[in-house]
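Using this note's numbering, you'd call the opening residue of the sequence shown number 128 and step up by one each time.
Below: one structure, written as structure tokens.
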Amino acid sequence: MSLIRRRFDALIIGAGGGGLRASLQLSRAEANVAVVSKVFPTRSHTVAAQGGVNAALANVLPDNWHWHMFDTVKGSDYLGDQDAIEYMCRVAPKLVYELEHYGVPFSRLDNGKIYQRAFGGQSQNFGEKQAARTCAAADRTGHAMLHALYQQNIRAKTHFFDEYFATDLIKNEEGAVLGAIVVSIQTGEAMLIEARTTLLATGGAGQIYRTNSNALINTGDGLGMVLRAGIPLQDMEFIQFHPTGIAGIGMLITEGCRGEGGYLVNGDGERFMERYAPNAKDLASRDVVSRSIYLEVKEGRGCGPNKDYVLLKLDHLGADTIMKRLPGIRQSCLTFLGIDPIETPIPVYPTAHYCMGGIPTNRKGEVVMPVKDTPEEPVPGLYAAGECACVSVHGGNRLGGNSLLDIIVFGRAAANEMIEHMKENRYRLPMNEASVEKAMDRLHRWDRKGEGETVDGLKEDLKKAMEDYCGVYRTQELLDKGVEEIGKIRDRLPNVYINDFSRTFNTARIEALELENLVEVAMCTVVSAAARQESRGAHSRVDFPKREDQQWMKHSLYFSEGDRMDYKPVRTKPLTVDSFPPKERVY
Ligand SMILES: Cc1cc2nc3c(=O)[nH]c(=O)nc-3n(C[C@H](O)[C@H](O)[C@H](O)COP(=O)(O)OP(=O)(O)OC[C@H]3O[C@@H](n4cnc5c(N)ncnc54)[C@H](O)[C@@H]3O)c2cc1C
128 MSLIRRRFDA
138 LIIGAGGGGL
148 RASLQLSRAE
158 ANVAVVSKVF
168 PTRSHTVAAQ
178 GGVNAALANV
188 LPDNWHWHMF
198 DTVKGSDYLG
208 DQDAIEYMCR
218 VAPKLVYELE
228 HYGVPFSRLD
238 NGKIYQRAFG
248 GQSQNFGEKQ
258 AARTCAAADR
268 TGHAMLHALY
278 QQNIRAKTHF
288 FDEYFATDLI
298 KNEEGAVLGA
308 IVVSIQTGEA
318 MLIEARTTLL
328 ATGGAGQIYR
338 TNSNALINTG
348 DGLGMVLRAG
358 IPLQDMEFIQ
368 FHPTGIAGIG
378 MLITEGCRGE
388 GGYLVNGDGE
398 RFMERYAPNA
408 KDLASRDVVS
418 RSIYLEVKEG
428 RGCGPNKDYV
438 LLKLDHLGAD
448 TIMKRLPGIR
458 QSCLTFLGID
468 PIETPIPVYP
478 TAHYCMGGIP
488 TNRKGEVVMP
498 VKDTPEEPVP
508 GLYAAGECAC
518 VSVHGGNRLG
528 GNSLLDIIVF
538 GRAAANEMIE
548 HMKENRYRLP
558 MNEASVEKAM
568 DRLHRWDRKG
578 EGETVDGLKE
588 DLKKAMEDYC
598 GVYRTQELLD
608 KGVEEIGKIR
618 DRLPNVYIND
628 FSRTFNTARI
638 EALELENLVE
648 VAMCTVVSAA
658 ARQESRGAHS
668 RVDFPKREDQ
678 QWMKHSLYFS
688 EGDRMDYKPV
698 RTKPLTVDSF
708 PPKERVY
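Here you go:
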């Protein structure tokens, strides 16, 4: 069957907040834009974001972008690139007001201004006291943002390919990206989308862990596509474990609960965060709170019959606050736990939540990689934004509320750069048919029905191995074993057949393609973690408990060929202000 071919100026893979902010910018600039999404756009994972988006609006407490920048650099454990962080924090207020004008129904203060709540790691005056920087639409901020962005895209006439799955990038021999192969999930039919510029906005990869806060669609597809194209992934050892997942389920209870005054207690009824973070207490940054919960449970001070979780208390906040500010959280507790947080504390435990690492980009959203003797050069025609990208504003640990900001800031920045690129490169490059054939061959490898290993079976083994060997606390022994185990799982991939006919063949084939991406991302994560012999941000090594700036203040790069590691310097120089030099991180 001949391959369907479509041509666009720009191809955006992913219709979450990152992809939709980029496509809107491009469509408004009269570019011919295709957005491909494996789910209907408003079902993208951004819809699940609860707590809010950071911007120093100073509506509740004094604030400015420079304090926001300080908190973000400190939160990143000094691994974040300070040029990108300055850019993000400076532009944040403008882009939040822009969202308001797009129709995001932010919650309001009595004076009519946008409501802002306190989140972890936020401070006034460079660490002095708590700030309130997170702009919220109750506890459904991502939902409000995604719907507003989708509506604006419809108005701007963006072309959507809903429920199409991107499998591989198409590159020419000089390394320029020319588009991608996508498959209709409904019909199984493949299509080549040729584009002068391609943006990856495929979100996170939380599904590499068994207990996680992510949707089933977060399988790291863009990360797998990039690795197969010979491009490395950056800082993948840094996985954020959110402190408050519903115990045993992993579903998220937003940090906004603690921002509204909720707090954690152990099995003795003690507010244990006072011991670990005397100033910030329950609003210390996420890596600190997750480790504290883990230690409380490990040392026998957990709650419940098995002492394997702690409790998040909201019952003192009163019904009014909970109904007004946290209605979605209350609903989740009623539905999934059968408890009402107005009266009963919520059992919580850390859950895999967010990938700080991803596709290496500069602050313009161009994908960059080492080429010959240069430390990094843009990959022509390829851009990345959102959770799949590593720009890097989150470094070793992301602050709550900074991801919804990252996706709109760098979705827009990448689109602006794509527009510039298209102005300077007016002609389409010839298609590389060899690269198309290679991508089609890989797709057809998954046409195999029959008996053998199942997709679900291998996936379960993978997730368990990641949980066992690459969790909150890590050691060399565990990580080396993890590399070995994930290696064995990778070797089993050719034995997997599509043999679960409880769903259609097309859907089952998509799950097999996702599995291949999950395996690649898991391998990359565990190899990168085994190599970094220090503790920084979310990467906690029991055998190397200290941060080692001399040797390790650098970004890691993992290449899938030969599971090879390389490193590159952190961009410590901001755009206009002085650098924040590394200091011990205390809250
Ligand atoms: C429960 C939860 C709550 C959160 N709350 C907050 C919060 O309050 N504040 C905050 O700042 N951050 C929060 N985050 C993080 C934040 O929501 C995400 O990091 C962010 O929304 C990611 O946006 P994105 O555009 O990068 O990707 P996503 O919104 O995940 O979108 C990815 C898109 O890529 C598409 N896609 C993926 N693979 C393919 C493929 N192979 N082919 C075609 N399409 C593909 C998907 O269909 C989707 O459209 C939260 C995260 C979770 C899990």
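Just so you know, even glycine gets a beta-carbon here, dropped at the ideal spot from N, CA and C.
This one's a predicted model, so the numbers in the text were calculated from it and none came from an experiment.
The beta-carbon distance between residue 162 and residue 421, rounded to whole angstroms, is 40 angstroms. This is too long to meet the 8 angstroms contact definition.
The three-state reading of DSSP puts residue 570 in helix, counting H, G and I together. For residue 459, the enclosing alpha helix (DSSP H) has its first and last residue at 454–463.
Boundaries of the alpha helix (DSSP H) harbouring residue 277: 268–282, taken from the DSSP string. In the same chain as residue 393, and ignoring 5 residues on each side of it, the C-beta atoms closer than 6 angstroms to its own belong to 399, 423, 428 and 437, in chain order.
The segment 346–388 contains, as complete beta strand (DSSP E) runs of 3+ residues, the segments 366–373 (chain order). Taking the CA atoms as reference points, residue 203 sits about 8 angstroms from residue 520. Burial state of residue 130 is exposed, judged by a 10 Å Cβ sphere holding fewer than 16 other Cβ atoms. Counting every other CB atom within 10 Å of its CB across the protein chains shown gives residue 177 a total of 16 or more, marking it as buried. Cβ atoms of residue 513 and residue 219 stay farther apart than 8 angstroms, at about 16 angstroms. In this structure, residue 649 sits away from residue 692, with a CB-CB distance that is not shorter than 8 angstroms. Residue 604 and residue 282 have their alpha carbons spaced roughly 55 angstroms apart.
Taking a C-beta distance under 8 angstroms as the contact criterion, residue 158 and residue 230 do not qualify as a contact pair. Apart from sequence neighbours up to five positions away, the residues of its chain that approach residue 389 with a beta-carbon distance below 8 angstroms are 409, 439, 440, 441 and 444, ordered along the chain. For residue 554, the closest C-alpha among the options 543, 493, 611 and 323 is that of 323.
Taking the Cα positions, residue 147 is about 32 angstroms away from residue 688. When Cβ pairs closer than 8 angstroms are counted between the two stretches, the segment 176–192 is seen not to touch the segment 359–366, the count staying below three. By the Cβ-count criterion, residue 132 is exposed, with fewer than 16 other Cβ atoms from all chains shown falling within 10 Å of its own Cβ. Distance between residue 452 and residue 467, taken at the CA atoms: about 15 angstroms.
Here residue 336 carries a coil assignment [DSSP, helix/strand/coil]. Checking the DSSP bridge columns, you'll see residue 135 partnered with 322. In terms of CA proximity to residue 245, 188 leads the group 272, 206, 188 and 291.
Counting C-beta atoms within 10 angstroms of its own C-beta, residue 659 has 16 or more neighbours from the protein chains shown and is therefore classed as buried. At a threshold of 7 angstroms, residue 345 counts as near ligand 1, since its beta carbon sits closer than that to one of the ligand's heavy atoms. Annotated as proximal: residue 242 and residue 263, with beta-carbon spacing under 8 angstroms. Rounded to whole angstroms, the gap between the alpha carbons of residue 354 and residue 508 is 16 angstroms. The C-beta distance from residue 312 to residue 165 rounds to 7 angstroms, short enough to meet the 8 angstroms contact threshold. Between residue 525 and residue 481, the gap from beta carbon to beta carbon is short of 8 angstroms. Short note on residue 268: C-beta closer than 7 angstroms to some heavy atom of ligand 1. Judged by DSSP in its simplified three-state form, residue 451 adopts helix. Collapsing the DSSP output to three states places residue 193 in a helix. Per the Cβ contact rule, the segment 492–499 is in contact with the segment 536–546 (3 or more Cβ pairs under 8 angstroms). Counting every other CB atom within 10 Å of its CB across the protein chains shown gives residue 338 a total of 16 or more, marking it as buried.
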